[in-house]
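Read the structure below first, then the notes.
Chains as they are written, first to last, in our numbering: chain A, 126 to 236; chain B, -16 to 97.
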């Protein structure tokens, strides 16, 4: 059974600092996602990572995937308050339609 | 149109009521999903429809009944719910061959069972 673990689960950081969120998963998968969720809102797709060594960047966020280590990272550069949200990684299970979410990382960026 | 539209946004229902949640997309996606999300928890998959046929049911209680009338619409019929069913219900869609696509999620229906 596929398990997806994120850490940390809660992150409070100062504006301007850098930090990394980690996502480990337990079985082979060919697709990993990062989503953002603001309080009381729906999920917004940030990145889809398909292959080993994939790296994608959007603004202050950069995601990478190491399929051999079954590890993805979401790196935050020079954080700003607007990045405060919950970030989920998710991994496709066998067959592709069953996506398992990590517990989420609640990020709070202090001004 | 790149949106998934869910109605209603909020719903309060009694344990003896019957209600339905609706979801609509016009992106040509042939896979549609229902997720349930409790507060401060990740979304949990309930049902998956591919080509309008139910392909995954994650052992969801029969008081939740999904329906996919056509390729654009997805319903979730609710009957005799329990207070613990109160949650945010999210609809999502994707292409069948997802390739580089993530899911497109609707804004959700916040359900309260009293």
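For each residue, glycine too, the CB sits at the ideal point set by N, CA and C.
With contacts defined by Cβ atoms closer than 8 angstroms, residue 37/B and residue 47/B do not form a contacting pair. Assignment of residue 200/A by DSSP, reduced to helix, strand and coil, places it in the strand class. Pairing residue 226/A with residue 33/B gives a Cβ-Cβ distance that is not under 8 angstroms. The beta carbon of residue 25/B is closer than 6 angstroms to none in its chain, skipping five residues each way along the sequence. Under DSSP, residue 188/A forms a beta bridge with 181/A, 199/A.
Proximity to residue 211/A across 131/A, 127/A, 126/A peaks at 131/A, based on C-alpha coordinates. For residue 30/B, the uninterrupted beta strand (DSSP E) run begins and ends at 27 to 33, by DSSP.
Between residue 11/B and chain A, the shortest Cβ-Cβ separation is not below 8 angstroms.
For residue 168/A, the nearest beta carbon of chain B is closer than 8 angstroms to its own beta carbon. The C-beta of residue 31/B comes closer than 8 angstroms to at least one C-beta of chain A. At least 8 angstroms separates the CB of residue 147/A from every CB of chain B. With respect to the 8 angstroms criterion, residue 179/A and residue 138/A are not classified as neighbours on the basis of their beta carbons.
Residue 158/A has 173/A, 215/A as its beta-bridge partners, per DSSP. Contact note: residue 228/A reaches chain B through 24, 25, using a C-beta cutoff of 8 angstroms and chain order. In the DSSP assignment, residue 8/B falls within the unbroken beta strand (DSSP E) covering 1 to 8. Taking the CA atoms as reference points, residue 154/A sits about 11 angstroms from residue 128/A. For residue 178/A, none of the residues of chain B pass the 7 angstroms Cβ criterion, the least Cβ distance being about 15 angstroms.
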